[in-house]
Amino acid sequence: MKDDQVLHRLGMRTALLTLIAMLAFAANSVLCRLALAEGAIDPASFTFVRIASGALTLWLILLFSGRATLSHGSWLGATALFVYAAAFSFGYISLPAGTGAFLLFGAVQVTMVLIGIICGERLTALQCLGFILAIAGLAVLVAPGSFAPSLVGAGLMILAGMAWGAYSLLGRGSKSPVLSTAGNFVRALPMVGVLMVLSFIEMDVVMTSSGVIFAILSGAVASGLGYTIWYAALPGLTPAQGASVQLSVPVITAVAGTIVLNEQIDLRLLISSVAILGGIGLIIAAKNRQKM
24 MKDDQVLHRL GMRTALLTLI AMLAFAANSV LCRLALAEGA IDPASFTFVR
74 IASGALTLWL ILLFSGRATL SHGSWLGATA LFVYAAAFSF GYISLPAGTG
124 AFLLFGAVQV TMVLIGIICG ERLTALQCLG FILAIAGLAV LVAPGSFAPS
174 LVGAGLMILA GMAWGAYSLL GRGSKSPVLS TAGNFVRALP MVGVLMVLSF
224 IEMDVVMTSS GVIFAILSGA VASGLGYTIW YAALPGLTPA QGASVQLSVP
274 VITAVAGTIV LNEQIDLRLL ISSVAILGGI GLIIAAKNRQ KM
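Throughout the sequence shown, residue numbering follows the working numbering, covering 24 to 315 in sequence.
See the structure below:
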């Protein structure tokens, strides 16, 4: 009986940590869109504050746990992180939160599958069907039309998804993902510093108190604490569960966008989201079958 109670408590802990992590990941899109839509901060400054506050938060977490070190992470991983964060911020100048999240999420998964194919991974018939569905969903979402998103914004968000997909693959197999993430955040600081200098030269820099607060919440809470909580939840999840639960992130983002930002969920977004999530779900299901 005691063993059952322990397992139940561990299961509840994993479920709670997973829920908090998914809410944090969705919050990144909402916070970025909220800051940029109101003109409270420019995208370069948002990126800088987000990365800096995320690096500080992760470093403090490691410092208090006695594991603070820069020996983990890599410059390649930091570059992928920087490209993701910068393209994410600039993309959200013109994209609704939900649309941006589905573009990002779809691009991440498509990129990871494509890299797998390039590296010699063979897809099953079910995975091929899922891959085609996900591609079709992205195509529907960016196709020309009266409700089509900005092509520049969509392109930047797809680039952000490609960078995050590459970042995820670079970090696969890391024995200490929190240490690697902290190292990559710190290494990305000079890159966002250069972006800020270029922004001062080429663009108007806007940094209101509310914009900085949104960026800190995105970096310190949604990113820094969010990643730490997610990595704490992962040991209690199977690989298939860890992949599947992330399907909730763009859905949470779209719902939050309608509540917080008063954005509309139109037919195009509904159709494309079903195709993207359905396609990715098939890929995950097929991978799970292969491992059984």
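Heads up, the beta-carbon is just placed ideally off N, CA and C, and yes, glycines get one too. Every value quoted in this text rests on a predicted model; they were computed, and no experiment measured them.
Query	Result
Helix, strand or coil, according to DSSP, for I288 in the structure here?	coil
To the nearest angstrom, how far is the alpha carbon of F203 from that of W98?	Correcting the residue identity first, residue 203 is Ser in this sequence and not Phe. Their backbone Cα atoms lie some 11 Å apart in a straight line.
Rounded C-beta distance between A109 and T70? I'm assuming under 8 Å.	5 Å
Would N207 be called buried (16 or more neighbouring beta carbons within 10 Å of its own) or exposed?	buried
Going by DSSP in three states, M226 sits in which element: helix, strand or coil?	coil
Would you check if there are 3 or more beta carbon pairs closer than 8 Å linking the region 268–285 to the region 121–129?	yes
Could you pull out every residue in the same chain whose Cβ sits closer than 8 Å to the Cβ of L193, ignoring the five residues on either side in sequence?	S97, L99, G100, A103
Since L284 and A60 are thought to touch, with beta carbons under 8 Å apart, how far apart are those beta carbons, to the nearest angstrom?	7 Å
Give the DSSP-derived three-state secondary structure of I64 in the structure shown.	strand
Taking Cβ to Cβ, would you say Q150 is nearer than 8 Å to A309?	yes
Would you check if the distance between the CB atom of M219 and the CB atom of A67 is smaller than 8 Å?	yes
Tell me the rounded alpha-carbon separation between F154 and Y250.	27 Å
With H, G and I counted as helix, E and B as strand and the rest as coil, what does DSSP make of C142?	coil
Any beta-carbon of chain D closer than 8 Å to the one on L40?	No chain D appears in the structure shown, which is made up of a single protein chain.
In three-state DSSP terms, what is N51?	helix
In this structure, how does DSSP classify I116 when only helix, strand and coil are distinguished?	coil
By how many angstroms is the C-alpha of F105 removed from the C-alpha of A171?	27 Å
Thinking just about the alpha-carbon of each residue, which of L164, G265, P258 is nearest to the one in L290?	L164
Grab me the residues of M185's own chain with a C-beta within less than 6 Å of its C-beta, minus the 5 sequence neighbours each way, in chain order.	A130, T134
Rounded to whole angstroms, what is the Cα-Cα separation between I303 and L182?	18 Å
Use the C-beta contact count for G62: other C-beta atoms within 10 angstroms, 16 or more gives buried, fewer gives exposed.	exposed
Excluding the 5 residues flanking L95 on each side, which residues of the same chain have their C-beta closer than 8 Å to its C-beta?	One detail in the question is off: residue 95 reads as His in this sequence, not Leu. Closer than 8 Å at the Cβ level, and outside the excluded window around H95, lie S197, S199, L202, S203, A205, G206.
Thinking L46 and A255 are a contact (beta carbons under 8 Å), I'd like their distance in whole angstroms, please.	Actually they are not in contact, since the Cβ atoms of L46 and A255 sit about 15 Å apart, beyond 8 Å.
Does S269 come out as helix, strand or coil in the three-state DSSP assignment?	Note on identity: in this sequence residue 269 is Gln, with Ser being the wrong assignment. Coil.
So what's A166 in DSSP terms, helix, strand or just coil?	coil
Give me the Cα-Cα distance between M226 and I84, rounded to the nearest whole angstrom.	35 Å
Within a Cβ cutoff of 7 Å, which residues of the same chain sit near P258, ignoring the five residues on either side of it in sequence?	none
Taking only the alpha-carbon atoms, compute the straight-line gap between L156 and T281 and give it to the nearest angstrom.	26 Å
Going by beta carbon distance, what residues of the same chain come within less than 6 Å of Y115, once the five residues before and after it are set aside?	C55, R56, L59, G123
Output the distance between the C-alpha atoms of I307 and T231, rounded to the nearest integer angstrom.	42 Å
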